[in-house]
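Asker: Those protein sequence lines, which keep their order, are chains A and B.
According to our numbering, the first sequence is numbered sequentially starting from 2.
According to our numbering, the second sequence is numbered sequentially starting from 368.
C-beta: ideal position from N, C-alpha, C; glycine also.
Please read through the structure below; I'll follow up with questions.
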Amino acid sequence: MMKNGILTIAKKELARFFRDRRMVLTTIFLPGILIYLIYSFLGSGMSALLGDDETAPYKVYVENMPETVGMLIDSTPMLDTVTYPSKEDALLSLEEERCDLVLLFDEDFDEELAASLAGGDVRVTPPTLHYYGARARSSEAYATVMSLLSALETKLNPPLIDMSESSVDLSTEEDVQGMLYSMLLPMLLMAMLFSGCLAVAPESIAGEKERGTIATMLVTPLQRSHLALGKILSLSLIALLSGMSSTVGILLSLPKLMGDAMSTSGFSMLGVPDMLSLAAVILSSVLVIVALVSLISSFARSVKEASTYVAPLMIIVMLLGVTTMFSSGDLMTVAYVIPLYNSVNCIAGIFGGDYSFLSIAVTVLSNLAVMGLLTYALTLMFNHERMITDKS
Amino acid sequence: MEKILEVTGLKKTFTLSKKQQAIEKTKTKKRIAVNGLSFTAYRGEIFGLLGPNGAGKTTTLRILSTLIRPDEGDATLDGYSLKASPSEVRARIGFLTSENKLDEFFTPRYHFDFFSDLYGVPNDVRDRRRKDLFGRFGIDRFEEVKLANLSTGMKQKTAIAVSLANDPDVIIFDEPTNGLDVLTARTVTDFLLELRNRGKTVLLSTHIFTLAERVCDRVGIIIDGQMVKEGALSDVIGDEKTLEDAFFSLYAARKVGEE
Ligand SMILES: Nc1ncnc2c1ncn2[C@@H]1O[C@H](COP(=O)(O)OP(=O)(O)OP(=O)(O)O)[C@@H](O)[C@H]1O
Ligand SMILES: [Mg+2]
């Protein structure tokens, strides 16, 4: 009976990892705990990240513009008034992102205001503000106008205008969460998965080479492809656990990080198909990353050297993650053939609630194909005498 | 006598890295480690590969164990060519060198079972072999202790046991007694004789001539990657008193010839 080399190797890798309590603690438990603690402390500092630094003025439609407010808006360079034939047209523009804020005043606003300022017991009818809190520009326009109005408000005697009550955020709850998640999560998730891979693959490949333990295995008739595949599969499992720990840490700390902007359970808005898509994308991405890091590590003479080789890759992944924070989806299907880039975009799409199963399928198949190629390359490396003769 | 290992015209040149060049204070990039080496080992004998440091012993044995490929030449082991059927060769040899290590994290028992699996040894056969070898070397008492916590001697004995997990026909040992005290070294050399008496072929490298004199049936003397003398122990010693004396005259003759 011939035993399966892949299984034998994978079993040993897993035993090496899981029997080492310190390793399990530092690779699996600590990342999640640390991230949770750090992010919880970071608090709302993160929300600044969500700002849009575009400098074009916000487009505001104002119905029955009162003189007082007109002067205020005119003297604010960040606000531009736009005109539409009717309130309905303005709201349609707002929905289609051609306009950032719709401000509706009562005809008698100025008179009421004057009476109130003169000390009369007059209640000023507050304006109604329509905006999309989930859209960066819309919510910033809203904030700008609100601060103008509240400056006005402080001058009023008791009858205050409670404008937040008359504000209408047209975003749905899902829009808000989707935006936050789709901007942040792809980058964080990829970074976490990547650091999971970095924690195990260089140690297992370059480390075994450095210590001369891989040579002992290469003396046996073990097929080199089985060695490569056994390592990649088992390391992927460990990397996945490590990445998952970090992800749980992030998810638990996100509510604190984002303040009240979102409700607690992040995953609640994902349906079963979304979850399955996400799992398929993450799994195939981890296989690619582990195979890539393993291959690169096989060229290194030591774990230390391997880490320096792999570090730039981490930066590339982070940058890819950042691109999704500012781009607006809608990639061509062929773009999903590119490993890592495809994963980041799929994850962004899934959390943004905007993706196609075709793009997921292309991503997963492409990732598996790339992982196959990388495994083949690693097999060639294991056959190469560099595995034996490299001396530092 | 049946030929079991036939080595013909092995040559291996290494390219030195910048760092190696600096360490060895040399400007030449190439280092010929093995230079047209040929010899034959017969079934059931202990063949000793003798030579000074840097002669090319380890490189030769690494080539024979298929870890590195020769630039020129080949060898057949039990009829299988190194270059054409490395897997067949791997299945039939046991290889031990100080440069190949066992993961210190695992126990002797784990290693033995793991390598048995890599060789595809059935479990019942594996268990019998392990009991046998571990008993022979006194490893059984420590079989569940991590290698990191074992003595150098016990580690080396474990490495020897593991290298024999596939019950190989040809056993290739590179300096197997290096770093061992006389007692442990004697256990190892006694074991080599025992293996030979069981019909195994042992290919042994060493720079310790007294050891070779005690256990080897035939020897080959390597200097600068070349085989300068090969034959039965008594033939190589010839008129000299000891193997070491024979080596010195060979070495001196060669250095004179070079000038
Ligand atoms: N990977 C390598 N890269 C460069 N040079 C090497 C490499 N391996 C061996 N050499 C060189 O080849 C020559 C032969 O080395 P080898 O290790 O085979 O000698 P040896 O007979 O085993 O010596 P020792 O008794 O010191 O173990 C030496 O000069 C050594 O420096
Ligand atoms: Mg040597």
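1) Can a CB atom of chain A be found closer than 8 angstroms to the CB of B:Glu466?
2) Please list the residues of the region 422-447 of chain B that have a C-beta atom closer than 8 angstroms to any C-beta atom in chain A, keeping them in chain order.
3) Using 8 angstroms as the threshold, is the C-beta distance between B:Phe540 and B:Leu514 below it?
4) Spatial neighbours of A:Val273 within its chain, please: CB distance less than 7 angstroms, with the 5 preceding and 5 following residues excluded, ordered by chain position.
5) Could you tell me which of A:Leu95, A:Gly250, A:Gly373, A:Met372 sits nearest to A:Tyr143, measuring between CA atoms?
6) Which two residues bound the contiguous beta strand (DSSP E) that contains B:Lys668?
7) Report buried or exposed for A:Leu50, applying the criterion of at least 16 other Cβ atoms within 10 angstroms of its Cβ.
8) Can you list, in chain order, the residues of the region 205-239 of chain A whose Cβ is nearer than 7 angstroms to any Cβ on chain B?
9) Could you list the residues in the region 468-498 of chain B with a C-beta less than 7 angstroms from some C-beta on chain A, going in chain order?
10) DSSP state of B:Glu373, grouped into three classes?
11) Applying a beta-carbon distance threshold of less than 9 angstroms, which residues of chain B neighbour A:Arg23?
12) At what residues does the beta strand (DSSP E) containing B:Ser572 begin and finish?
13) Please classify B:Phe472: does DSSP put it in a helix, a strand, or coil?
14) So, using beta-carbon positions, are B:Asp441 and B:Lys450 closer together than 8 angstroms?
15) Sort out for me which residues DSSP pairs B:Tyr447 with in a bridge.
16) Any heavy atom of ligand 2 closer than 7 angstroms to the Cβ of B:Thr425?
17) Can you tell me which of the three DSSP states A:Val169 falls into?
18) So, B:Val456 versus B:Phe406, is the Cβ gap smaller than 8 angstroms?
19) So with Cβ pairs under 8 angstroms, would you call A:Thr9 a contact of chain B?
20) Quick one: what does DSSP say A:His385 is sitting in, helix, strand or coil?
21) Output, in sequence order along the chain, the residues in the region 454-465 of chain B whose CB is closer than 7 angstroms to any CB in chain A.
22) Output the boundary residues of the beta strand (DSSP E) element that contains A:Ile297.
23) Quick one: which chain B residues come within Cβ less than 7 angstroms of A:Lys13?
24) So if DSSP puts B:Asp536 in a beta bridge, which residue, or which two residues, is it bridged to?
25) Rounded to whole angstroms, what is the Cα-Cα separation between B:Ala526 and B:Asp584?
26) Helix, strand or coil for A:Met147, going by three-state DSSP, please let me know.
27) State the CB to CB distance for the pair A:Thr334 and A:Val365, rounded to an integer number of angstroms; the pair is presumed to be in contact (CB under 8 angstroms).
28) Span of the beta strand (DSSP E) holding A:Leu95?
29) Drop a sphere of 10 angstroms on the beta-carbon of B:Ser601, count the other beta-carbons inside from all chains shown, and report buried for 16 or more, exposed for fewer.
30) In this structure, does DSSP put B:Asn516 in helix, strand or coil?
31) Please go through the region 472-503 of chain B and give each complete alpha helix (DSSP H) segment of 4 or more residues, from N-terminal end onward.
32) For a test of your reading of the model: does the CB of B:Gly418 fall under 7 angstroms from any non-hydrogen atom of ligand 1? Yes or no.
33) Under the assumption that B:Ile589 contacts B:Gly376 (Cβ atoms under 8 angstroms), give the Cβ distance between them as a whole number of angstroms.
34) How do the region 109-119 of chain A and the region 83-93 of chain A stand: do at least 3 beta-carbon pairs fall below 8 angstroms, yes or no?
35) Quick one: does A:Thr28 have its CB under 8 angstroms from some CB of chain B?
Answerer: A quick look at the data gives this:
1) Taking the first residue of the second sequence as 1, we reach residue 466 of chain B at position 99. Closer than 8 angstroms: yes.
2) Arg429, Ser432, Thr433, Leu434, Ile435, Arg436
3) Within the second sequence, residue 540 of chain B is the residue found at index 173, counting from 1. Within the second sequence, residue 514 of chain B is the residue found at index 147, counting from 1. Contact: no.
4) Counting from one through the first sequence, the residue named residue 273 of chain A turns up at place 272. Cβ neighbours of A:Val273 beyond the five flanking positions: none.
5) Within the first sequence, numbered from 1, the residue matching residue 143 of chain A stands at position 142. Closest by alpha carbon: A:Leu95.
6) Look at the range of chain B in this structure, 368 to 626, and you will see that residue 668 of chain B is not part of it.
7) Within the first sequence, the letter at position 49 stands for residue 50 of chain A. Legend: pLDDT at A:Leu50 = 48, less than 50; position of this residue unreliable, value from coordinates given subsequently. The residue in question, A:Leu50, is exposed, as its Cβ has fewer than 16 Cβ neighbours within 10 Å.
8) Arg212, Gly213, Thr214, Ala216, Thr217, Met218, Leu219, Val220, Thr221, Pro222, Leu223
9) Lys468, Leu469, Asp470, Phe472, Phe481, Phe482, Asp484, Leu485, Tyr486, Gly487, Pro489
10) For this step, residue 373 of chain B is matched to residue 6 along the second sequence. Three-state DSSP puts B:Glu373 in a strand.
11) Numbered from 1 along the first sequence, position 22 holds the residue referred to as residue 23 of chain A. The premise fails here: A:Arg23 is roughly 11 angstroms from chain B at the closest Cβ pair, so nothing lies under 9 angstroms.
12) Counting from one through the second sequence, the residue named residue 572 of chain B turns up at place 205. Start and end: 568-573.
13) Position 105 of the second sequence holds residue 472 of chain B. Of the three classes helix, strand and coil, the one that applies to B:Phe472 here is coil, per DSSP.
14) Locating residue 441 of chain B in the second sequence gives position 74, counting from the first residue. Locating residue 450 of chain B in the second sequence gives position 83, counting from the first residue. Yes; because the gap between Cβ atoms is below 8 angstroms, this pair is in contact.
15) Along the second sequence, read from residue 1 onward, the residue named residue 447 of chain B stands at position 80. Beta-bridge pairing links B:Tyr447 to B:Leu444.
16) For this step, residue 425 of chain B is matched to residue 58 along the second sequence. Yes, since a heavy atom of ligand 2 falls inside the 7 angstroms radius drawn around the Cβ of B:Thr425.
17) By one-based count along the first sequence, residue 169 of chain A stands at place 168. If DSSP states are grouped into helix, strand and coil, A:Val169 belongs with the strands.
18) On the second sequence, residue 456 of chain B is found 89 positions in, with the first residue counted as 1. On the second sequence, residue 406 of chain B is found 39 positions in, with the first residue counted as 1. Result no, Cβ atoms of B:Val456 and B:Phe406 do not sit closer than 8 angstroms.
19) Residue mapping note: residue 9 of chain A aligns to position 8 of the first sequence, counting from 1. True, the Cβ-Cβ gap to chain B drops below 8 angstroms.
20) Taking the first sequence and counting its residues from 1, one reaches residue 385 of chain A at position 384. Coil at A:His385, not helix or strand.
21) Ser454, Arg457, Ala458, Phe462
22) Looking up residue 297 of chain A in the first sequence gives position 296. Element bounds for A:Ile297: not the beta strand (DSSP E) but the alpha helix (DSSP H), 273-300.
23) The sequence position of residue 13 of chain A within the first sequence is 12, counting from 1. Ordered by position in chain B, the residues that pass the 7 angstroms Cβ test against A:Lys13 are Phe481.
24) Here the question's residue 536 of chain B lines up with position 169 in the second sequence. Answer is none; B:Asp536 lacks a bridge partner.
25) Taking the second sequence and counting its residues from 1, the one referred to as residue 526 of chain B is at position 159. Taking the second sequence and counting its residues from 1, the one referred to as residue 584 of chain B is at position 217. Looking at the two C-alpha atoms, the distance is approximately 24 angstroms.
26) Indexing the first sequence from 1 puts residue 147 of chain A at position 146. Correct three-state label for A:Met147: helix.
27) Sequence index remark: in the first sequence, residue 334 of chain A carries index 333 (1-based). Sequence index remark: in the first sequence, residue 365 of chain A carries index 364 (1-based). No, A:Thr334 and A:Val365 are not in contact; Cβ-Cβ is about 13 angstroms, not under 8 angstroms.
28) Indexing the first sequence from 1 puts residue 95 of chain A at position 94. Counting along the chain, A:Leu95 falls outside any beta strand (DSSP E), though it belongs to the alpha helix (DSSP H) covering 88-96.
29) Taking the first residue of the second sequence as position 1, residue 601 of chain B is located at position 234. The residue in question, B:Ser601, is exposed, as its Cβ has fewer than 16 Cβ neighbours within 10 Å.
30) The residue labelled residue 516 of chain B in the question sits at position 149 within the second sequence. Reduced to three states, the DSSP call for B:Asn516 is helix.
31) 475-485
32) As a position in the second sequence, residue 418 of chain B is number 51, starting the count at 1. Yes, the Cβ of B:Gly418 comes within 7 angstroms of a heavy atom of ligand 1.
33) As a working mapping, residue 589 of chain B is identified with position 222 in the second sequence. As a working mapping, residue 376 of chain B is identified with position 9 in the second sequence. Not a contact, Cβ separation roughly 14 angstroms.
34) no
35) Stepping through the first sequence from its first residue, residue 28 of chain A is reached at position 27. So, not an interface residue.
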